[in-house]
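So the structure is just underneath, and the comments pick up after that.
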Amino acid sequence: MPRAIVALILMSFIWGYNWVLVKEAMRHASPFDFSAIRTIGGGIILLGVLAWQGRPLRPRNVPMTLLVGFLCTTLSVGFATWALVEGGAGKMAILVYAMPFWLILMAWPLLDERPRGLQWLAVALALAGLVLLLEPWSYRGDLFPSVLAVMSGLSWAASAVVTKRMDRSGEVDVVSLSAWQVLLGGFFLVAIALVVPSEPIRWTPWMTGVMTYNVVLTSAVAVLMWFYVLKVLPAGIAGLGSLATPVLGLFFAYAVLDERLSFWEGWGGVLILSALAILVAQGLRNNK
89 MPRAIVALIL MSFIWGYNWV LVKEAMRHAS PFDFSAIRTI GGGIILLGVL AWQGRPLRPR
149 NVPMTLLVGF LCTTLSVGFA TWALVEGGAG KMAILVYAMP FWLILMAWPL LDERPRGLQW
209 LAVALALAGL VLLLEPWSYR GDLFPSVLAV MSGLSWAASA VVTKRMDRSG EVDVVSLSAW
269 QVLLGGFFLV AIALVVPSEP IRWTPWMTGV MTYNVVLTSA VAVLMWFYVL KVLPAGIAGL
329 GSLATPVLGL FFAYAVLDER LSFWEGWGGV LILSALAILV AQGLRNNK
């Protein structure tokens, strides 16, 4: 089995289960304090990997690395964690992971990766599913976390486009980019955490375990896997491969948190997952 596929599977399980953990962690910490610690910690671990391998610590393209960090870590992680303060873990996971469909649309004009054939149907289904999940016709005061989740996905997609453009210029070292984008993006989150008033983190053995999981697995190991996959595979395919994560997020939210989707939210999830199935089937057929 190709390494990229193995990385996608492991990454999906790490990130999928993390939606449940972070949802519960928001009872003990503010979203910005939590995000700042997990990203800075993950960045330090990845820099340690660079040093252990004896590779240069300096990033190859500081301005572009800073941009990737701001989009992928500051905005995407920050928005996603903030969304979990009030939104359900399963629903927020689906909304954030509409990212591949934004990426397909962005990759057309910016990377010359034009959607073809059934990809258009998949995008249409995904957008329809997004509308059903948001339920703008029955506003109940909870639209804000949904908007945050969508903004997280958009920011993540934009960071993937920037990364692919860097890769085409030969400026992507997977470990270096992973380390520095997490670390630099984390510095922005630290600044936000210092400015936004919040209660101190309530440290318990459980909270310490969740933070360790987020620092080591979510912000170091899984991020490294994501940038490896993004380097090896086309942007659209890499994004689509990550869509196993919201499926796992939904399952874990149901099994652990006993979350239930409304009628419209359920159908929205079905449409988005149907779009995923179309794209995965097309990708498998094209790679035969």
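Everything in the sequence shown is counted per the working numbering, starting at 89 for the first residue and increasing by one. Quick reminder that beta carbons are idealized off the backbone N, C-alpha and C, glycines included.
Please name the residue in the options whose C-alpha comes closest to that of residue i.
i	options	result
Val298	Ser100, Ala117, Val235	Ala117
Gly377	Phe167, Leu191, Thr127, Lys319	Because residue 377 is not part of the residues shown, which for the chain are 89 to 376, the question remains open.
Trp107	Trp314, Leu364, Phe339	Phe339
Ala267	Arg146, Asp200, Leu98	Arg146
Leu134	Leu305, Ala323, Leu349	Leu305
Thr300	Ile93, Trp355, Arg91, Ile102	Ile102
Ala248	Arg204, Glu223, Val311, Gly205	Val311
Ala113	Thr292, Leu218, Ser350	Thr292
Gly129	Val303, Ile360, Leu364, Phe315	Val303
Val150	Thr251, Leu209, Ser286, Ala139	Thr251
Leu81	Leu321, Leu206, Ile182	The question about residue 81 has no answer, for the chain in this structure spans 89 to 376.
Met282	Ile125, Met313, Val94	The sequence given here has Leu at residue 282, not Met. Checking every option, the nearest Cα to that of Leu282 belongs to Ile125.
Glu72	Phe122, Ala92, Leu109	What is shown of the chain runs 89 to 376, which leaves residue 72 out entirely.
Trp244	Leu209, Leu193, Val184	Val184
Cys160	Phe351, Val110, Gln269	Gln269
Ser226	Glu353, Tyr316, Leu199, Phe315	Glu353
Glu223	Leu209, Leu349, Ala279	Leu349
Ile366	Leu109, Arg204, Leu155, Pro197	Arg204
Ala369	Leu198, Leu109, Leu209, Trp140	Leu209
Val260	Ala92, Val156, Arg91, Thr127	Val156
Please report the Cβ distance between residue i and residue j, rounded to the nearest whole angstrom; I am assuming they are in contact, meaning their Cβ atoms lie under 8 Å.
i	j	result
Ala186	Gly241	5 Å
Gly104	Leu336	3 Å
Gly215	Phe167	Strictly speaking, residue 215 in this sequence is Leu, with Gly absent from that position. That pair is no contact at about 19 Å.
Leu318	Gly131	Not a contact, Cβ separation roughly 18 Å.
Lys56	Leu163	The chain is shown from 89 up to 376; residue 56 falls before or after that span and cannot be answered.
Met152	Met295	Rounded, the Cβ-Cβ distance is 35 Å, inconsistent with contact.
Looking only at its chain, what residues have a beta carbon closer than 7 Å to the beta carbon of residue i, apart from the 5 residues adjacent to it on each side?
i	result
Phe158	Gly273, Phe276
Glu347	Gly176, Ala177, Gly178, Ala341
Leu138	Leu145, Val263, Ser264, Ala267
Pro322	Glu201
Trp314	Met99
So, for residue i: in the same chain, excluding its five sequence neighbours on each side, which residues have a beta-carbon less than 8 Å away from its beta-carbon?
i	result
Ala332	Leu96, Ile97, Ser100, Gly104
Val284	Ser118, Phe120
Gly136	none
Phe232	Glu174
Excluding the five sequence neighbours on either side, which residues of its own chain have a C-beta within less than 6 Å of the C-beta of residue i, listed in chain order?
i	result
Leu364	Leu331
Pro388	The structure shown does not extend to residue 388, since the chain is modelled only from 89 through 376, so no value can be given for it.
Ser362	Leu213
Tyr316	Ala95, Val262
The ligand COA and residue i: does the residue's C-beta get closer than 8 Å to at least one heavy atom of that ligand?
i	result
Ala248	Because no ligand of any kind appears in the structure shown, any question about the ligand COA cannot be addressed here.
At which residue ranges does the segment 161-214 contain complete alpha helix (DSSP H) runs of 4 or more residues, listed in the order of the chain? 164-174, 177-184, 187-199
Would you mind listing the alpha helix (DSSP H) stretches within the segment 294-376 that are 4+ residues and don't spill past its ends, in chain order? 310-320, 323-329, 332-345, 351-374
Runs of alpha helix (DSSP H) lying entirely within the segment 134-162, each at least 4 residues, in chain order: 150-157
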